[in-house]
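For reference, the structure is listed below as structure tokens.
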Amino acid sequence: MLSRLMSGSSRSLEREYSCTVRLLDDSEYTCTIQRDAKGQYLFDLLCHHMNLLEKDYFGIRFVDPDKQRHWLEFTKSVVKQLRSQPPFTMCFRVKFYPADPAALKEEITRYLVFLQIKRDLYHGRLLCKTSDAALLAAYILQAEIGDYDPGKHHEGYSSKFQFFPKHSEKLEKKIAEIHKTELSGQTPATSELNFLRKAQTLETYGVDPHPCKDVSGNAAFLAFTPFGFVVLQGNKRVHFIKW
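Just so we're aligned, residue 1 is where the sequence shown starts under UniProt numbering, counting upward by one.
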């Protein structure tokens, strides 16, 4: 009798899996799911944790054993999709970029989109000219540290922040100059809103590039954006088909 009870308890434990989801602010949410839990169940847990109501822009991403990235399908079992050994690790990300992020109703939604675009900038997915890059970085600086204070912010203070994959000393100085002279008095929420308004005007806003080759065999990237379908080569958009 005791052995049967212990065996049943063991089978029950085997049907539970630990999941860790890395959020956009780099914090982590950990939970336990049943073996047959669908992606929607995990997504709803996350949204409840963040008090997120405007859910449709977001998704959960994971990397398979072959190092390929996928979006978790909400109608299918989480365990069957991941095909890896538990504990499972995934990421919460923006899946569908809003055409006008500044018009989002909820402050938490705007903040999460801000964090995603900030991430895109850092990883080199949001490409832009130097003047735009400096302005975007200055908005981030204002949102994170507030007004320039000569007593606290000494020479080279902007270099402590990593806005891009790489940047020059000249760009750092331009970022600090904009922060000092143009953004004083802006609240974090206002700076984030201005960041979103600027980012949405850029050609690579919302781009999630997938490698491919053109008809001549040259390397290129395909991507869907809120405004249409684009083909990129290097840092340039070579084709654009509007929705």
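Glycine residues also receive a C-beta, built at the ideal position from the N, C-alpha and C atoms.
*Exposure label - residue 253; buried when at least 16 CB within 10 Å*: This structure gives no information on residue 253, because the portion of the chain shown stretches from 1 to 243.
*Could you pull out every unbroken beta strand (DSSP E) segment of at least 3 residues lying fully inside the region 42-89, listed in chain order?*
Qualifying beta strand (DSSP E) stretches, in chain order: 58-63 and 69-71.
*Going straight from the alpha carbon of Leu127 to that of Thr109, what length do you get?*
Going by the C-alpha atoms only, they are around 23 Å apart.
*Should the region 32-46 be regarded as contacting the region 94-107, the criterion being three or more beta carbon pairs within less than 8 Å?*
Cβ pair count under 8 Å is below three, so no.
*asked:* When you compare the CB positions of Ile158 and Leu141, do they come within less than 8 Å of one another, or not?
replied: The displayed chain sequence assigns Ser, not Ile, to residue 158. Yes, these two residues count as a Cβ contact at 8 Å.
*Evaluate Asn218 with the Cβ neighbour count: other Cβ atoms within 10 Å of its Cβ, from every protein chain shown; 16 or more gives buried, anything less gives exposed.*
If you draw a 10 Å sphere on the C-beta of Asn218, you find fewer than 16 other C-beta atoms in it, and that means exposed.
_Simplified DSSP state of Lys174, which is helix, strand or coil_ = Of the three classes helix, strand and coil, the one that applies to Lys174 here is helix, per DSSP.
_Three-way DSSP call (helix, strand, coil) for Glu114 in this model_ = In the sequence as presented, Glu is not what sits at residue 114; that position holds Phe. Looking at Phe114 - three-state DSSP - the assignment turns out to be helix.
*Beta carbon of Phe96, beta carbon of Tyr17: below 8 Å?*
No. Outside cutoff.
*Taking the C-alpha atoms as reference points, what is the distance between Ser168 and Asp132?*
Computed Cα separation, rounded: 15 Å.
*asked:* Please state the DSSP three-state secondary structure of Tyr97.
replied: Looking at Tyr97 - three-state DSSP - the assignment turns out to be coil, as it is neither helix nor strand.
*Contacting residues, own chain, Cβ-Cβ under 6 Å from Asp147 (five flanking each side not counted)*: Cβ neighbours of Asp147 beyond the five flanking positions: Ser184.
_Tell me the DSSP secondary structure of Tyr205 in three-state form._
The three-state reading of DSSP puts Tyr205 in coil, since its state is none of H, G, I, E or B.
*Give the C-beta separation of Ser191 and Ala143 to the nearest angstrom, bearing in mind that I take them to be a contact with Cβ-Cβ under 8 Å.*
Between Ser191 and Ala143 the beta-carbon gap is near 4 Å, inside 8 Å, which marks them as a contact.
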